[in-house]
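Chains as they are written, first to last, in the numbering used here: chain A, 1 to 433; chain B, 1 to 233; chain C, 1 to 307; chain D, 1 to 337; chain E, 1 to 240. Heads up: the structure comes next, in structure tokens.
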Amino acid sequence: MRIKVFIVLLLAAFVTGLFFVAVPAQAAEPIKIGALLPLADATGKDGSRSMELAVKQINAKGGILGRQVQLIVIDDELKAEKAAAALDKLCTVDNVDFIVGGMASGITMALIPGMKKYGKVVVWAGAAYSGVEKAMEGQDWFFHLHAWDYQQGAYYEKGWAEVKQKYASFKRDKMFMAYEEGAFGSGSFKGQKVLAENGKYEVQGEAFKSAAMGGGDYRSVLRHAKEFNPDQFIWVGYDKDALPMMEQAKEIGFSPLTFVGSPPAWPVDFAKQPLNEGVLLYSYWADTMKNVSRASKTYSDAFHKEFKDTPTTYFGPLCYTNIMILADAIKKAGTIDKAAVIKALETTNYPSPLGDTFVFKKSNVIDHQANSWPKFMQWQKGKLEVIWPWEYATAKMIYPFPAWDKRGKASATIEGEKKAVPAKDAKKDKVKK
Amino acid sequence: MLEVKNLNVSYGKLQILWDVSMQIGNESVGLFGPNGAGKTTLINAILGIVRPISGEITLDGESLLKMETDKIIKHGIAVVPQDRELFPMMTVLENLRTGCAYIPRAKKKYKERLEYVFAMFPILKERLDQPAGSMSGGQQRMVSIARALMADPKVLILDEPSGGLQPSIVTEVFHGLKEIKKNVSVLVTEQNVRQALKAIDRGYILEDGKIAMADTAQNLAGNDHIRKSYLGI
Amino acid sequence: MKYWKYLICAVLLIVAVSLPKFIGVYPLQMANIILIYMALALSWDMLLRTGQLSFGIAGFFGLGGYATMLTSTYFGFNPLLSLMAAAITAGLVAALVGYSVLRLRALYFAIVTLALGEIFRVIAQNLEITGGTEGMLLKQTMFKGDAASTYWVMLAIGVLTIIISIIFQKTRIHYASTSIRNDEIVAASSGVNIFKYLVIIFAVTSAIQGLVGGAYVQLYGFVEPTATTFSINFVLMPITMALLGGLYTTWGPVIGAVLLSVIAESLKLRIPYGHLLVYGIIMVVGILWFPGGIMGFIKKMFKISNQ
Amino acid sequence: MLIPCGQYKPARNSSIRFRDLITMINSILSKFKQKNFLIGFIIIIAAIILVAIYKPNVLFEGLQRSALYALIALPMALLLGIVDIVNLAHGEFMMVGAYFAYFMNVQFGMDPIVAVIPALFLFFLFGILVYYITFKHIIGKEPLSQLLLGFGVGLVLAEGITVIATNFPRKLGLDYVSSSATIGGFTFGTFEFVYVAATIIILVGLQLFLKKTDTGQAALAVGQNPRGAKIVGINVQWIYLLIFALSIALIGAIGPLFGTRYTIFPGVGDQYTLKSFILVAVGGMGSLNGVVLAALILGMAETLVLSSLQYGKWADIIYFALIIGFILYRSHQRQVK
Amino acid sequence: MTILKTTGVTKQFGGLVALSDVNVEVNENEIVGIIGPNGSGKSTFTNVVAGVYLPTSGKIEFCGQDITQKTTHEKCHAGISRTFQLMRPLIGLNMIQNIMVGAMFGKGHSLKEARKRSAELCKFLDLENVERPISAMTALEIKKMEIARALATEPKLLFLDEVMAGLNKDETMEMINTVRKIHSRGMTIVIIEHVMRVIRELTQRVVVLEWGKVLCEGTYEKVSCDQRVITAYLGEEAEC
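See the structure below:
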């Protein structure tokens, strides 16, 4: 008796399962683009909205090759197995023509076997971990839009070198890196060590447990940093770590010459925080870039019009770019044939809202790498200003980082710095001591 | 007066009590019977822990049937359960206090009741701060009886009060029972029939869930049936 | 009547084996996920049948995953061999730690198994050989990711788990674990060597969890200590499935796994934002309506007694 | 410690009096007469002094960290340790409390520390609501279903907040959060002493409540022996409701304190549920002091390991190894007895 | 021949002395009764001999072997089996499965053999409808089942701990017959009881415990007239 009931139930469950997954394929009228993003995450939300925006704009202009574009976004839930299943659904049930999206490196790793199996053209926005690149060696259908970890590191070095050239008083002989203990943080530190060896400066680092993982107490790391007395302090973590990190640095009286953070996003209302003044960060995009880049302004305005909101992460413009590059290539190829689209993609030359122009080149391992470059930004008077590269700079850098305990006169310090060039020399002397 | 009328109780399909009726006025009443006869079930029914399928239980004319246990206790029934049911990590004094703290009527008389209880069990006075769980079985029994008395009950139910007690203490308990019954109705179940019969006024014999016999203590003491079933003599 | 049962099982098995002929890759992938969680839920339940509540599923799952990764990377084991290595490693470690840990009961055992899992994670995260926090990539996943073949391997693991569970239910192990769960003193007085059976069952269930962990690595091709391989998800989801399906049975966790996986996936596709809210409500309502799990509900409905 | 005959304490009102505090201190002091306790105490004090000399920051920060752990674990100790209800949505309630304070601040400019008071009341009501809808129906049934129910409730709370307020992290930037003091050239943060203070207040408050009030005694009684509690006239259901609501009120009110210092997001509570659960198990069911002591030892040990540059990454292992060792030791002690 | 011999067995729980210096001998094929008021240490004695507790001091010899420090299941394997004062059926198993637990783990029989032997035992003890769950059984049946579970381990010595508790008169009679039947198979039995009739009917020798000590021992007739026993057992003012 029991077995009967069980079988009935099991069959029922299975059949329901099969029915809902086996949504019948529709006639191949529109061009289908499948996207994988973590929808519960800020990056995924910005990304999916921007993709929708891009598709809407394309369709409003009559689509591509006279066909409409259909975007199918599936949540990867930041779970490897769910992401792999989602990829299978896109490729076999929805029969998409192209794959876009992507955020976390770990999830991308779980998708590699599937991507290789289907061999569809993939234009991938996420994944900075170079392990992914190694696994993608020799795959001509893989187009990557995010800088690899080693590229980012090298680029930062270049940036700081240029900053040093411009600002005589700038100093970066000793740096301390506080990094979250996950792959993101410790990968960054590994790269940084190599760079420091080449750049002949001293570096020390220590891992902390990110608030995202249940941490949130950074004082021991900050104390070690203070003892080390670096010129530059960098923390590599998440948006959740941003403000407590600064508060605790203030608490123990740790104010290095430059205070840099590199989270993928910032917490809500971070702009309103009084502590943010002078904090530097690595990012790809800020809303203020609309003042210096036309593409950025177009995107930003369109996004605001559509959603009455501003994207908080660079995944917004990046995912917009993702769709646009693909759409341009299809247009250029005149077909959705794989080989033709790959060829067309190789000739991409897209000025993106991120500021940079995307052109696919060879990277260390893969053939198709095009990316925007990170920018040095700084919070100034509640706004995120780009300070380097010079061509996108929206403001001048405040240097040195205004000490926490002198924040009462914060504004005076900034203005003083902007005007008073001689002050730099005085600081230089002080540093030399 | 506690009155039980035509009570039927069953656990699932198994009927435990059949048409049981009894009354307890201002007296002490014994309830005897072999293990499994339904003594504890009857007590549980009075306390509202088991719900009868039919019958009526009243205290001074007020029905107890629909009440929750805590309400019944507040109405003036106190119980000394078979397994004592003390709070092992709490001290003796705290245990005693729980006896009256939740009964508004008794709470007012806390000090008075405490004196009364100590008069009855002087040994407890020396152990006030000892956790109840660390005491010997006999002392725990005393705490349990004392806790019930703290409630200043109208009816006191004692379920096997002499179990696990040393004879001298048993004597003390039953001596105390005589004291107690002066102002409280007492219902006592007991295996130590001989001792109990000396302390009670009337007795009921419960067998297989039915009242087999009801008589005065004197008559029961002289009854051959009881000698045979319980004393084995 | 008896043969009818076997016949049904055989037919089901044939249907399950030939599934790749009829359905696409995506349902197969979903089937893989269901099988992964089902095996974890069932193995957890097998230990629970002795009354021991384990929170260490993720720990042994991750341990198996790392064993697979390390043996195939450093010793070039083929996938199936590396899966065996995963099962053996997890089983051995469980047997070893079981010697001290299985003297604990209830909440204490649960907490200690949880802590053990965390210790495995920290070790994996801090060693060079395991790739540290970045984890490691498998050179080539099992059968080059061929959906049918991987599904068959997962199916084999799932069926193996069900078979072990049935064996546990049909042999003296059932009597040992039930008596231990019901009353350890009675069990010992009847001659049950409680400790021996606990160690055996703990080792076997942990080996299954390790095996599933190994399969996970072979399917998705990487290990990563913090977010994926030792994820608390692999503790909470299987427990949820087993509880909702019905404890102490073979089919309860199976039904739970199928049902919850299907619900989760279909909710995700219908309600992209906030599907977990609905999922949570379903769980709460489920536990309030079916406190004995779905199997308990079925038994009640059909008035099927314990036997 | 026997009280001489005739000197038993006279009747007390249920209200808390100063004298009760003194008796409580006395009973704590009397523990020092026990040899084992004294030795343990001396060892702990010596260890703390050594640490303070070696690394003063460990002392302060360890104390603050321990206090936070203890603070969050205490409401769970009340619920799980005293009346045996497992609430896996513990951390999520704290998270909701933190969000409450955040929005009170953003909308009405209310200081989060002030928001503790409305949170206490609101979460008490919220606790009653949650109890009636969910936990009431499974108390006394299959204990495992409590786990699942708590997990489900936690998911609903976290996802509910995600739907309402998105899962972007939020953090109030209040000046006093990063206030600090300097003693002899050593600078340390002072805000987190709020946690120490709150822990002491809650611990003493709960102890007084449990020891000195009839309702508290009823809660202890229900926890130790639900059957016994019934037959002395305690409304057991009501006690479950009250303690549940009280626990939720406390954890909800801790939310604002937590949220001023830490970034909040819907998943922030998870880890703290787990930590509290572990602390309650390690500290001993039913013992609030034990939970605080366990938090102190684990928090201090963790901070000490973190404070060393090379071994900081192994702090987690120390934490969990301590837990395992402690539980094994305790079970061994039990068996010896 | 002496089958069980305890020498100076003492058991303390914290400060409480539950057994002190208990010396008891049980000879092969006899029925020994252990009586005493509640809390006199009867059950503790069973628990110490059958291995739930280890004695604080003293020595337990069984069939000439020292089994003092053996664990419960080892003592079971050595040949000591017992029932429990309160009914303790394994509710997850049905009637015959309960008995099979004893056969399988006590004696190491295979599942099939265990089932066969358990069925025989059921027949021997007049247990019918053996596939019933515990919830459908009467108290007498559960008691009998527990005896069968103990017998299934094929012990040399059987402890019956208050098997009559909770039974009515007829059931008690039936149980007495059952015990006789078991004894007639050549089983050595120690019976712990406070229903005097049972002791009188069944036992050849009685050991009286009080406050954890052996008060006296001898035949029922002798013991039941001992003034100390009467005082201990029936209360002070009893007469014989």
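Don't be surprised by glycine CBs; every beta carbon is placed ideally from N, CA and C. As the structure is a prediction and not an experimental result, all values here were calculated from the model.
Item: Per the DSSP calculation, serine 162(B) is bridged to which residue(s)?; Value: DSSP, once it has assigned bridges, lists no residue as partnering serine 162(B).
Item: Could you say which of Val25(C), Leu83(C), Gly280(C) and Ala10(C) lies nearest to glycine 154(D) if we only look at CA atoms?; Value: Gly280(C)
Item: Alpha carbon to alpha carbon, what distance is there between isoleucine 73(B) and valine 232(D)?; Value: 7 Å
Item: Just confirm the distance between the C-beta atoms of alanine 245(D) and alanine 229(D), as a whole number of angstroms; I'd bet it's less than 8 Å.; Value: Alanine 245(D) to alanine 229(D), Cβ: 18 Å. No contact.
Item: Using the Cα positions of aspartate 21(E) and threonine 10(E), report the straight-line distance between them to the nearest angstrom.; Value: 5 Å
Item: Since glutamate 217(E) and valine 229(E) are thought to touch, with beta carbons under 8 Å apart, how far apart are those beta carbons, to the nearest angstrom?; Value: Contact flag wrong, Cβ pair sits at about 10 Å.
Item: From the DSSP output, read off the bridge partner residues of lysine 383(A).; Value: Gln380(A)
Item: Please list the terminal residues of the continuous alpha helix (DSSP H) segment that includes glutamate 157(A).; Value: 149-166
Item: Could you check whether the Cβ of aspartate 183(C) sits closer than 8 Å to any Cβ belonging to chain E?; Value: yes
Item: When you compare each of Lys56(A), Asp75(A), Ile58(A) and Glu206(A) to glutamate 265(C) by their alpha carbons, which one comes out closest?; Value: Asp75(A)
Item: Find the nearest neighbour of lysine 381(A) within the set Val55(A), Lys290(A), Tyr299(A) and Gln273(A), judged by alpha-carbon distance.; Value: Gln273(A)
Item: Please compile the residues from chain D whose C-beta is within a distance smaller than 8 Å of the C-beta of arginine 49(C).; Value: The premise fails here: arginine 49(C) is roughly 13 Å from chain D at the closest Cβ pair, so nothing lies under 8 Å.
Item: Against leucine 243(A), what residues of chain D qualify as contacts under a CB-to-CB distance less than 7 Å, listed in chain order?; Value: Lys171, Gly173 and Thr263
Item: Would you verify that the beta carbon of tryptophan 18(B) is, or is not, closer than 8 Å to some beta carbon of chain E?; Value: no
Item: Under 7 Å Cβ to Cβ from arginine 261(D), same chain only, skipping five residues before and after it: list those, please.; Value: Val177, Phe191 and Glu192
Item: Assuming the contact rule is C-beta atoms closer than 8 Å, leucine 280(D) and leucine 80(D) should be a hit. Round their C-beta distance to whole Å, please.; Value: With the sequence shown as reference, residue 280(D) is identified as valine, and leucine is not the correct amino acid for it. Indeed, because the Cβ distance is near 5 Å, the residues count as touching under 8 Å.
Item: Please state the DSSP three-state secondary structure of glutamine 70(A).; Value: strand
Item: Expressed to the nearest angstrom, what Euclidean distance is found between the alpha-carbon atoms of threonine 373(D) and glycine 205(A)?; Value: Outside the displayed span of chain D (1 to 337) sits residue 373(D), for which this structure offers no information.
Item: Just curious, the alpha helix (DSSP H) that serine 231(C) is in, first and last residue?; Value: Here serine 231(C) belongs to no alpha helix (DSSP H), and DSSP marks it neither H nor E.
Item: Strictly under 8 Å for the Cβ-Cβ distance: is cysteine 122(E) near chain C by that measure?; Value: no
Item: Ignoring anything shorter than 4 residues or poking outside the stretch 171-237 of chain C, list the alpha helix (DSSP H) runs there in chain order.; Value: 172-182, 184-189 and 194-220
Item: Rounded to whole angstroms, what's the CA-CA distance from glycine 145(C) to glutamate 128(C)? Just pull it up for me.; Value: 28 Å
Item: Of all the options Tyr399(A), Asn322(A), Trp379(A) and Asp328(A), which has the alpha carbon lying nearest to the alpha carbon of valine 100(A)?; Value: Asn322(A)
Item: Count the other CB atoms, across all protein chains shown, that sit within 10 Å of the CB of proline 24(A); report buried if there are 16 or more and exposed otherwise.; Value: The predicted model places proline 24(A) with a pLDDT of 46, which falls under 50 and marks its position as unreliable; any figure quoted below should be read in that light. With fewer than 16 Cβ atoms within 10 Å of its Cβ, proline 24(A) is classed as exposed.
Item: Taking Cβ positions, are serine 144(B) and glutamate 190(B) nearer each other than 8 Å?; Value: no
Item: Given a limit of 9 Å on CB to CB distance, which residues of the stretch 225-245 of chain D reach chain B?; Value: Asn225, Arg227, Gly228, Ala229, Lys230, Ile231, Val232, Gly233, Ile234, Asn235, Val236, Gln237 and Trp238
Item: How would you label lysine 71(B), buried or exposed, when you count the other beta carbons within 10 angstroms and need 16 or more for buried?; Value: exposed
Item: Between the beta-carbon of valine 208(E) and the beta-carbon of methionine 164(E), is there less than 8 Å?; Value: no
Item: Can you tell me which of Ile323(D), Ala315(D) and Leu322(D) puts its alpha carbon nearest to the alpha carbon of isoleucine 123(C)?; Value: Ala315(D)
Item: Please report how far the alpha carbon of glutamine 139(B) lies from the alpha carbon of leucine 124(B), in whole angstroms.; Value: 8 Å
Item: Short check: CB of alanine 67(D) to CB of threonine 166(D), under 8 Å?; Value: no
Item: Return the residues of the stretch 99-114 of chain A that lie within a Cβ-Cβ distance of less than 7 Å from chain C, sorted by chain order.; Value: Gly106, Met109, Ala110, Ile112, Pro113 and Gly114
Item: What are the start and end residues of the beta strand (DSSP E) that includes lysine 174(A)?; Value: 174-180
Item: DSSP three-state label for tyrosine 129(A), please.; Value: coil
Item: Among Pro37(E), His109(E), Thr2(E) and Thr7(E), whose alpha-carbon lies nearest the alpha-carbon of serine 190(C)?; Value: His109(E)
Item: Please report the residue range of the alpha helix (DSSP H) in which tyrosine 282(A) lies.; Value: Where tyrosine 282(A) is concerned, there is no enclosing alpha helix (DSSP H), although the beta strand (DSSP E) it sits in stretches over 280-283.
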